[in-house]
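Q: Residues 1 to 238 in UniProt numbering are what the sequence shown spells out, letter by letter.
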Amino acid sequence: MYNTKCQLIFRSFLPTHFFNNIGNVQYICTSSPWRSTNYYEALGITQSSTQNEIKSAYYKLSMQYHPDKNKGCEISAKKFREISQAYEVLGNYRLRRLYDKGVIHTAGATYTRPNEYEPEVEDDPETKFYKSRFKKSQVADEMGRTPIYDFDEWSRAHYGKSFQRRKDAKVRFDRKQAQRRDHAFALQNEMVLFGFVFIVVAMYAIFYTESSLDAPKERSIQASSERNIGTKSPPAET
């Protein structure tokens, strides 16, 4: 079992919000493996990674090293413990900030002893969400601890929302595509109707024009015929 190291931190060296109202000092206890393990390296990410990148890295490594897929493999079990413990801290924004500062005192009973003088702070919604899906597993570490997340629950919760967002986006895309098709079809029908009306009007105009031009010709021919008949009439009797 690892030896616990207790560091005595004075009020003059840290901001006042790290202390309670009981006294001027507070003990912050950490264990050797806590600081010996680099959680960013365990997840294969950098310190500048976003929370979504941390979740994605944990999901991929969990798929790879999950005990159900590597039964009897101690190396995979150890790796799965490391990434689970790393995500327990880095997956929570507040604990991650404390980890980055090197001051970890609210990681929970799994890693530190509670401060009896420190008031309990209500968890944020994200922390509550993951705590509600946190359960003990049969894969224990060297100290007998079993802080393993429910992999299936985490997968359904995290990727279920992503799937729903993609599904909603696809529905909106399909709706827009249908609206565009309907608009194009209506526009095509309008163009066909306009073309038909234009052709009918053009044919009527041509027919009317030709009829107007033929009428004077017929009247001129008729008048010429009448004049010819009048010219050929017999002379009057004497």
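In this text, a Cβ means the ideal position worked out from N, Cα and C, and glycines have one as well.
Quick caveat: nothing in here was measured; it's all calculated off a predicted structure.
Between I83 and L61, how many whole angstroms is the CB-CB distance? I'm expecting something under 8 Å.
A: Along the sequence shown, read from residue 1 onward, the residue named residue 83 stands at position 83. Along the sequence shown, read from residue 1 onward, the residue named residue 61 stands at position 61. So it is a contact: roughly 5 Å between Cβ atoms.
Q: Within 10 Å of its beta-carbon, does Q85 have 16 or more other beta-carbons around it, so buried, or fewer, so exposed?
A: Position 85 of the sequence shown, counted from the start, is the residue given in the question as residue 85. That one is buried.
Q: To the nearest whole angstrom, what separates the beta carbons of Q51 and Y93, a pair I think is in contact under 8 Å?
A: Taking the sequence shown and counting its residues from 1, the one referred to as residue 51 is at position 51. Taking the sequence shown and counting its residues from 1, the one referred to as residue 93 is at position 93. Q51 to Y93, Cβ: 6 Å. Contact.
Q: Once DSSP output is grouped into helix, strand and coil, what is the label at G195?
A: Along the sequence shown, read from residue 1 onward, the residue named residue 195 stands at position 195. It is helical.
Q: Can the beta-carbon of I54 be found less than 9 Å from the beta-carbon of G102?
A: As a first step, residue 54 must be located in the sequence shown, where it is residue number 54. As a first step, residue 102 must be located in the sequence shown, where it is residue number 102. In this structure, G102 does not lie closer than 9 Å to I54 by Cβ.
Q: Is the distance from the Cβ of M63 to the Cβ of K71 below 9 Å?
A: As a working note, residue 63 is residue 63 in the sequence shown. As a working note, residue 71 is residue 71 in the sequence shown. Not in contact: M63 and K71 (Cβ atoms no closer than 9 Å).
Q: Would you mind giving the Cβ-Cβ distance between Y58 and S76, rounded to the nearest angstrom? I have them listed as a contact below 8 Å.
A: One-based indexing of the sequence shown puts residue 58 at position 58. One-based indexing of the sequence shown puts residue 76 at position 76. Their Cβ separation, rounded to whole angstroms, is 15 Å, which puts Y58 and S76 out of contact at 8 Å.
Q: I need the DSSP call for N52, collapsed to helix, strand or coil.
A: Taking the sequence shown and counting its residues from 1, one reaches residue 52 at position 52. Looking at N52 - three-state DSSP - the assignment turns out to be helix.
Q: Which term fits A186, buried or exposed, when burial requires 16 or more other beta carbons within 10 angstroms of its beta carbon?
A: The residue you call residue 186 lines up with position 186 of the sequence shown. Exposed is the call here.
Q: Going by DSSP in three states, residue 244 sits in which element: helix, strand or coil?
A: There is no way to answer for residue 244, as the model of the chain reaches only from 1 to 238.
Q: Taking buried to mean at least 16 other C-beta atoms within 10 Å of its own C-beta, is F194 buried or exposed?
A: In the sequence shown, residue 194 corresponds to position 194, counting from 1. Counting Cβ neighbours within 10 Å, F194 comes out exposed, since fewer than 16 surround it.
Q: Kindly give me the distance between the Cβ atoms of R96 and V89, rounded to whole angstroms, as I take these residues to be in contact under 8 Å.
A: Reading the sequence shown from its first residue, position 96 is the one you call residue 96. Reading the sequence shown from its first residue, position 89 is the one you call residue 89. That belief holds up - the Cβ atoms of R96 and V89 are roughly 6 Å apart, short of 8 Å.
Q: Spatial neighbours of R180 within its chain, please: C-beta separation below 6 Å, excluding the five flanking residues on both sides.
A: For the purposes of this step, residue 180 is identified with residue 180 of the sequence shown, where counting begins at 1. Contacts found: none.
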